[in-house]
Amino acid sequence: MTSVHQHLLNANFHSTRLKGKVAIVTASSEGIGFSIAKRLGNEGASVIISSRKEENVKKAMESLRNEGINVEGIVCHVSNADHRKLLFETAKSKFGGFDIIVSNAAVNPSVSPILETEEKVWDKIFDVNVKSAWLLAKEAYPELIKRGGGNIVFVASIAAYQPMNPLGAYSVSKTTLLGLTKAIASEIVHDNIRVNCVAPGVVATKFASAITSSEAGKEKSLSIVPMKRFGKPDEIASAVAFLVSDDASYITGETLVVAGGTYAHL
Ligand code: NAP
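Be aware that the sequence shown starts at 21, since it is given in my numbering, and climbs by one per residue.
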């Protein structure tokens with residue numbers, strides 16, 4: 021990575037590409053979601069951040085406000101219908117509506133070979149990672165229509181293309197998001213709403229700490245990454261910012277793989 025490139029990623033990236041837009045980002049009090057909120061905010065959007073724990077939301081909101089970002093925050097466990105309702109209401113009451121929704125939440129409650137995965141674990145993974153993503157899009161749709169268009173982005177994973185063992189159920193939930201992206205995109209293309217997805221490679225966040233904290237985990241996961249390093253949350257955020265901006269105005273139904281060159285094909 022050149023020093024100029026590094027500087028751009030580290031810098032409080034300020035452009036006006038998203039000026040006047042309002043963005044909702046789920047699971048955004050830390051990790052990739054936080055970076056996405058920061059990047060969209062730094063590009064001029066007003067942002068609603070959310071996650072399950074109030075103290076995390078408050079801390080993240082303070083940090084974004086310190087960067088000069090116009091941000092509000094609310095507790096939202098994405099599989100809770102009342103929380104999602106409040107999330108949308110907050111966007112309406114604080115910012116008059118929203119134009120962008122980034123569905124970023126996912127869980128992986130336990131690891132096991134896929135045929136040994138307990139039904140309740142499977143249900144939890146699909147409830148949070150897939151059903152909530154679909155519901156967020158479904159519930160956001162009428163508001164996006166009112167705004168005359170907008171953008172929906174799902175956060176999948178490189179595991180959507182090549183299941184990670186022993187993360188089979190999680191991987192399949194992410195493969196489902198690639199299909200969900202295409203299904204929704206084609207149905208609402210005439211509403212001036214674009215629907216896209218990003219598929220990050222392994223990014224060193226809390227979520228991936230089981231992989232990134234051990235030498236054996238690092239070696240195994242980097243063996244398929246041509247760039248031989250993990251991704252950074254800001255590198256996923258910049259891809260999302262591109263997809264929701266007018267720079268991607270002719271792109272819908274696509275998944276952008278951000279994974280250091282890792283082979284990705286279904
Ligand atoms: P992370 O650093 O662990 O952050 C997770 C965030 O999600 C936190 O803000 C957490 O806050 C919130 N959260 C967790 N469960 C939630 C729920 N049910 N509803 C609402 N908020 C919730 O995770 P991450 O690595 O940034 O992962 C973000 C997304 O990227 C996920 O979809 C993940 O599958 C995807 N991804 C990650 C990697 C990777 O290597 N890190 C690779 C590919 C894809 P609270 O605890 O306050 O809820």
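A virtual CB, placed ideally from N, CA and C, is assigned to each residue, including glycine.
Here the structure is a predicted model, which means the values were calculated and not measured.
Are the beta-carbon atoms belonging to residue i and residue j less than 8 Å from one another?
i: A43; j: I120; result: yes
i: G251; j: I213; result: no
i: F115; j: S66; result: yes
i: A157; j: I172; result: yes
i: I69; j: T110; result: no
i: H108; j: E74; result: Per the sequence shown, the amino acid found at residue 108 is Phe instead of His. No, the Cβ-Cβ distance between F108 and E74 is not below 8 Å.
i: G40; j: T46; result: no
i: A205; j: L60; result: no
i: V98; j: S152; result: yes
i: I178; j: P220; result: yes
i: L197; j: A180; result: yes
i: R104; j: E63; result: no
i: I256; j: V278; result: yes
I think residue i touches residue j, with their Cβ atoms under 8 Å apart; what is that distance to the nearest whole Å?
i: N149; j: S193; result: 4 Å
i: N216; j: L286; result: Not confirmed; about 16 Å, so no contact.
i: G51; j: K226; result: 6 Å
i: G117; j: R167; result: 6 Å
i: I94; j: V122; result: About 15 Å; that fails the 8 Å criterion.
For residue i, does the count of other Cβ atoms within 10 angstroms reach 16, so buried, or fall short, so exposed?
i: S229; result: exposed
i: V88; result: In the sequence as displayed, the identity of residue 88 is Gly instead of Val. Label assigned to G88: exposed.
i: V218; result: buried
i: Y283; result: exposed
i: T195; result: buried
i: K58; result: buried
i: N86; result: exposed
i: S35; result: exposed
i: E92; result: buried
i: S6; result: Lying before the first or after the last residue shown, residue 6 is absent from the chain, which here runs from 21 to 286.
i: L84; result: buried
i: L135; result: exposed
i: S191; result: buried
i: S258; result: buried
i: G281; result: exposed
i: A236; result: exposed
i: A160; result: buried
i: A101; result: exposed
What residues in its chain sit with their C-beta under 6 Å from that of residue i, if we drop five residues either side in the sequence?
i: A126; result: N149
i: W142; result: A189
i: K144; result: P129
i: V24; result: Note on V24: pLDDT 48, under 50, position unreliable in the model; no value is reported.
Excluding the five sequence neighbours on either side, which residues of its own chain have a C-beta within less than 7 Å of the C-beta of residue i, listed in chain order?
i: V131; result: P186 and L187
i: S241; result: V222 and I231
i: W154; result: L200
i: N30; result: With a pLDDT of 49 at N30, under the threshold of 50, the modelled position of this residue cannot be trusted; read the value that follows with caution. The answer is none, since no qualifying residue turns up.
i: T272; result: A205, V209, R214, V215 and N216
i: Y270; result: none
i: K202; result: G273
i: D147; result: S99
So, at 8 Å on beta carbons, what are the nonlocal neighbours of residue i in its own chain, with the 5 sequence-adjacent residues on each side left out?
i: P133; result: N185, P186 and G188
Are there any heavy atoms of the ligand FAD lying less than 7 Å away from the beta-carbon of residue i, as far as the coordinates show?
i: C217; result: For the ligand FAD, the structure offers nothing, since it holds only the ligand NAP.
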